[in-house]
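Numbering (my numbering), first residue to last: 223 to 680.
Shown next, in C-alpha cells, is the structure this report addresses.
Written out as C-alpha cells, the structure reads:
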C-alpha cells in the first residue's frame, strides 16, 4: 500500500493550482482543475468531487438559511448536500416515454388497432365424384368397400351369429312347466307359415284396361233370339250332353235373378275343359288334373259326411292317394240361399274360399278337410295343408252370388285376379255366361287372350 501512495504522490507533484483573478471572487460553481505539464500525455481531468467548469443550464438551487438569505450571498461555502445541483438536461433521454398514459389529466389510452385487412374468400366445396364399379380396383382399402357393399344387401331380419336356442322344439325338462323360448318358437313358426303361404299363392294378373270383354252384335242377336224362344226349347247343351232350355238361361240373363243349379253345373265343366286343353291333359286314359264337383257334392257332404261322397272322387278318377296329383278342384258351396266357391289345390296342399259377401268360411273349410282326410287316409297331414286368405269381389245386392261364383272360377282358370271385376260388370257377365254356354267353351270369340291388347280378359 505504501508503494501505491508513493506513485500517487509523485503524479500529484506535477499539478500546480491556478489562482483566480484578483478582481473576481471565487465561484463555487467553477470546477477545480489540475495542470499537467507540456510533455505529459494526460489531458485535462476534473478533480473528483469538483463542480463542472461551465455553469449548468438548469437553475441551481442555492441553500437558504433560516433568516431568509442565501448562503451564497453571505459568502459562506455550502457544504454537504447543499452544494449539489439538479441538472435535468444532463441525464440521457429515454428512447420512449414511460407512463405517459398514467397522468391523471391524460386522455384515456387506447391501444393502436391494426389496419383492417380484407379476408380471403372461403373456398368453394368441391364436388366429390361418385365412385363407379371401375374405380373399385383403385380403392386403397378394398375390405372396407366390400363391407359397404355387403351392408347394402337386402338380407331381411338380422340374425345373430350365435343361436341361443334350437330352431326345432325339444322336450321340456321335468322340472319346467314350459320352455323359455316358446314365444320365439311361435313367432318363427308364424313367419314360416306366412312365407309358405306366399310361396304357394298362385300368380294372377290384373288387366290394364276393362277386365270384361264386350259382346259382339252377332252374339247379342243370338241371345235375344234365345230369350224369345219357347220355354221348352233347348238353346244350349253342356259338355256332358245335357240340354239347357230357355227357362234355364232366363235365370242367368235377367237382372237380379237367381241362377239355378243347371247353369252352374254346365258352366264349371267348360272351365275344366279349358284348363285340361291348355295344359295338354286330354289324352285318352289319362287321369284328369282338373275337376269340378256339381252343386250336390257339398250338400251331401254336409248332410251325410264323408261316407255320403266316398265314391264321388273315384268316379271322377281322382280318388285315393291320386288326389295329391290333381292340380285344381272346384267345389260350389250352397248354404242359406247363398253361393260361394271352394278351390282346392291338392298338389300344393292349399285351400281357397271365395265369398262375395266377405265370409272366411271356417265351417266350410273344416268340412272340406274332413273329406280330404277320408280320401287320403294316412297320406293326409294336417300341418301340410294351408288355407290361403283369399279375397273376392263383393256383390251389392242379394241376387248376384251365383254370378260371382262362376266369374271367380273363370278368373282363377285363366289366371286373372278375382278382384279385377266388380258389381258394375254383373249384367255384362250374366250375358257372357249364357253366350259361352251356347258357344260350348272358351274358344273362338271367347278366347281369354285378347289379340288386340295381349291381355287376359274375362
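The beta carbon of each residue, even a glycine, is placed where N, CA and C say it ideally should be.
Predicted model only: the values in this text are computed from it and were never measured.
Can you tell me where the beta strand (DSSP E) holding residue 465 begins and where it ends? Counting from 1 along the chain shown, the entry for residue 465 is found at position 243. Residue 465 -> beta strand (DSSP E) spans 465 to 467.
Could you tell me whether the Cβ atoms of residue 416 and residue 460 are closer together than 8 angstroms? Counting from 1 along the chain shown, the entry for residue 416 is found at position 194. Counting from 1 along the chain shown, the entry for residue 460 is found at position 238. No, these two residues do not count as a Cβ contact at 8 angstroms.
Look at the alpha carbon of residue 424 and the alpha carbon of residue 507, and state the distance between them as a whole number of angstroms. As a position in the chain shown, residue 424 is number 202, starting the count at 1. As a position in the chain shown, residue 507 is number 285, starting the count at 1. Cα-Cα distance, rounded: 28 angstroms.
At a threshold of 7 angstroms, does residue 411 count as lining the ligand SAM (C-beta to nearest heavy atom)? You won't find the ligand SAM in this model; it holds no ligand whatsoever.
Does residue 405 pass the burial test, meaning 16 or more other C-beta atoms within 10 Å, or should it be called exposed? The residue you call residue 405 lines up with position 183 of the chain shown. By the 10 Å Cβ count, residue 405 comes out exposed.
Taking only three categories from DSSP, how would you classify residue 293? Translated into positions along the chain shown, residue 293 becomes position 71. For residue 293, the pLDDT reaches just 48, beneath the cut-off of 50, and the residue's location in the model is therefore unreliable, although a value from the coordinates is still provided. Here residue 293 sits in coil by DSSP.
If you pair each beta-carbon of the region 586 to 600 with each one of the region 611 to 624, do three or more pairs fall below 8 angstroms? no
Pairwise C-alpha distance: residue 430 and residue 676: Along the chain shown, one-based indexing puts residue 676 at 454. Along the chain shown, one-based indexing puts residue 430 at 208. Whole-angstrom Cα-Cα distance: 10 angstroms.
Do residue 656 and residue 445 have their C-beta atoms within less than 8 angstroms of each other? For the purposes of this step, residue 656 is identified with residue 434 of the chain shown, where counting begins at 1. For the purposes of this step, residue 445 is identified with residue 223 of the chain shown, where counting begins at 1. In this structure, residue 445 lies closer than 8 angstroms to residue 656 by Cβ.
Below 8 angstroms, can you find three or more Cβ-Cβ pairs linking the region 496 to 503 to the region 561 to 579? no
Local Cβ density within 10 Å of residue 648, reported as buried at 16 or more and exposed below that: The residue given as residue 648 occupies position 426 in the chain shown. That one is buried.
In the DSSP assignment, find the unbroken alpha helix (DSSP H) run with residue 491 in it and report its ends. Numbered from 1 along the chain shown, position 269 holds the residue referred to as residue 491. Here the alpha helix (DSSP H) through residue 491 covers 483 to 500.
Which runs of the beta strand (DSSP E), 3 residues or longer, sit entirely within the region 525 to 586? 550 to 557, 560 to 567, 572 to 576
Have a look at residue 348 and residue 341 and give me their C-alpha separation to the nearest angstrom. Numbered from 1 along the chain shown, position 126 holds the residue referred to as residue 348. Numbered from 1 along the chain shown, position 119 holds the residue referred to as residue 341. Rounded to whole angstroms, residue 348 to residue 341 spans 21 angstroms at the Cα level.
Whether residue 563 touches residue 633 by CB criterion (8 angstroms): Position 341 of the chain shown, counted from the start, is the residue given in the question as residue 563. Position 411 of the chain shown, counted from the start, is the residue given in the question as residue 633. Contact flag unset, no.
Limits of the unbroken alpha helix (DSSP H) element including residue 461: In the chain shown, residue 461 corresponds to position 239, counting from 1. Careful: residue 461 lies outside any alpha helix (DSSP H) and carries neither H nor E.
Who are the near neighbours of residue 530 in its chain, counting only those whose CB is closer than 7 angstroms to its CB and skipping five residues on each side? Taking the first residue of the chain shown as position 1, residue 530 is located at position 308. Hits under 7 angstroms: 522, 523.
DSSP beta-bridge partners of residue 609: By one-based count along the chain shown, residue 609 stands at place 387. In DSSP, residue 609 forms a bridge with 573.
Does DSSP put residue 427 in a helix, a strand or coil? Within the chain shown, residue 427 is the residue found at index 205, counting from 1. Strand at residue 427.
Using DSSP with H/G/I as helix, E/B as strand and the rest coil, what is residue 647? In the chain shown, the residue the question calls residue 647 occupies position 425. Note: residue 647 maps to helix in three-state DSSP.
Checking the sheet assignment: what are the DSSP bridge partners for residue 513? For the purposes of this step, residue 513 is taken as the residue at position 291 of the chain shown. The partner list for residue 513 (beta bridge, DSSP) reads 551.
So what does residue 638 bridge to, in DSSP terms? Here residue 638 corresponds to residue number 416 of the chain shown, with the count starting at 1. In DSSP, residue 638 forms a bridge with 427.
Within 10 angstroms of its Cβ, does residue 608 collect 16 or more other Cβ (buried), or is it exposed? Position 386 of the chain shown, counted from the first residue, corresponds to residue 608. Its Cβ being crowded by 16 or more others within 10 Å, residue 608 is buried.
Nearest neighbour of residue 582, chosen from 449, 596, 555, 605 [CA to CA]: Residue mapping note: residue 582 aligns to position 360 of the chain shown, counting from 1. Selected option, being the one with the closest Cα: 555.
Quick one: using the 10 Å Cβ neighbour count with 16 as the cut-off for buried, is residue 551 buried or exposed? Working through the chain shown from its first residue, we reach residue 551 at position 329. So residue 551 counts as buried.
Same chain, Cβ closer than 8 angstroms to residue 591, neighbours up to 5 away in sequence not counted: Walking along the chain shown from the start, residue 591 turns up at place 369. Excluding positions up to five away in sequence, the list reads 573, 604, 607.
Beta-bridge pairing of residue 678 - partner residues as DSSP gives them: Residue numbering aside, residue 678 sits at position 456 when the chain shown is read from its first letter. Answer by DSSP bridge pairing, in chain order: 671.
DSSP state of residue 350 mapped onto helix, strand, coil: The count along the chain shown starts at 1 and reaches residue 350 at position 128. Residue state, collapsed to three classes: coil.
What does the Cβ neighbour count give for residue 654, buried or exposed, with the cut at 16 atoms within 10 Å? Residue 654 sits at position 432 when you count from the first residue of the chain shown. Buried.
By Cβ distance, which residues of its chain are closer than 6 angstroms to residue 465, with the 5 residues on each side in sequence left out? As a position in the chain shown, residue 465 is number 243, starting the count at 1. Correct list, in chain order: 456, 459.
Quick check on DSSP: helix, strand or coil for residue 523? Numbered from its first residue, the chain shown carries residue 523 at position 301. Residue state, collapsed to three classes: helix.
Go through its chain and collect everything with a Cβ distance to residue 671's Cβ below 7 angstroms, but skip five positions before and after it. Walking along the chain shown from the start, residue 671 turns up at place 449. 678, listed in sequence order.
Could you tell me whether the Cβ atoms of residue 462 and residue 493 are closer together than 8 angstroms? What you label residue 462 is simply residue 240 of the chain shown in a count that begins at 1. What you label residue 493 is simply residue 271 of the chain shown in a count that begins at 1. No, Cβ-Cβ distance for residue 462 and residue 493 is not below 8 angstroms.
Do residue 480 and residue 624 count as a contact pair if the criterion is CB distance below 8 angstroms? As a first step, residue 624 must be located in the chain shown, where it is residue number 402. As a first step, residue 480 must be located in the chain shown, where it is residue number 258. For residue 624 and residue 480, yes; Cβs fall inside 8 angstroms.
Using DSSP with H/G/I as helix, E/B as strand and the rest coil, what is residue 596? Position 374 of the chain shown, counting from 1, holds the residue named residue 596. Helix, per DSSP.
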